[in-house]
Amino acid sequence: MQNEIQLIPTPELASLFGYNEASASFYDFCRRTGIAPVPGRRGWYDPKLVRARLDAAQGMTEAMRDAVSKPSLVAQRRARRAQE
């Protein structure tokens, strides 16, 4: 199975951020947070870059993000048992 590169189109990203459309205020928000389209692919955004910029804007470090996304010990045990 190949890993596909997934990019987010501008209208979808604007919607995810709560904008009705890709308006001037959406682009201003992106500019202020450092979110930019993929070079050479105008109108397409890299979700990893978007996540990194949002984390930086919120002052989150990689360790903090890992702690938030790491499943609880109970969830880890349930996942192991489900695989048996």
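Numbering (the working numbering), first residue to last: 26 to 109. Note that beta-carbon positions come from the ideal geometry of N, C-alpha and C, so glycine has one too. In this text, all values refer to a predicted model and were calculated from it rather than measured experimentally.
Report the residue from Q31, I30 and L38 whose alpha carbon sits nearest the alpha carbon of L79.
Start at 1 with the first residue of the sequence shown, and residue 79 comes out as number 54. Distances from the CA of L79 to each of Q31, I30 and L38 were compared; the closest alpha carbon is that of L38.
Span separating the alpha-carbon of A49 from that of A100
In the sequence shown, counting from the first residue as 1, residue 49 sits at position 24. In the sequence shown, counting from the first residue as 1, residue 100 sits at position 75. Approximately 43 Å between the Cα atoms of the pair.
Along the chain, where does the alpha helix (DSSP H) that runs through Y52 open and close?
Position 27 of the sequence shown, counting from 1, holds the residue named residue 52. Judged by DSSP secondary structure, Y52 falls within the alpha helix (DSSP H) whose first and last residues are A49 to T58.
So if DSSP puts Y70 in a beta bridge, which residue, or which two residues, is it bridged to?
For this step, residue 70 is matched to residue 45 along the sequence shown. Bridge partners of Y70: I33.
Could you check the C-alpha separation between G84 and T58 for me, to the nearest Å?
Counting from one through the sequence shown, the residue named residue 84 turns up at place 59. Counting from one through the sequence shown, the residue named residue 58 turns up at place 33. Rounded to the nearest angstrom, the two C-alpha atoms are 12 Å apart.
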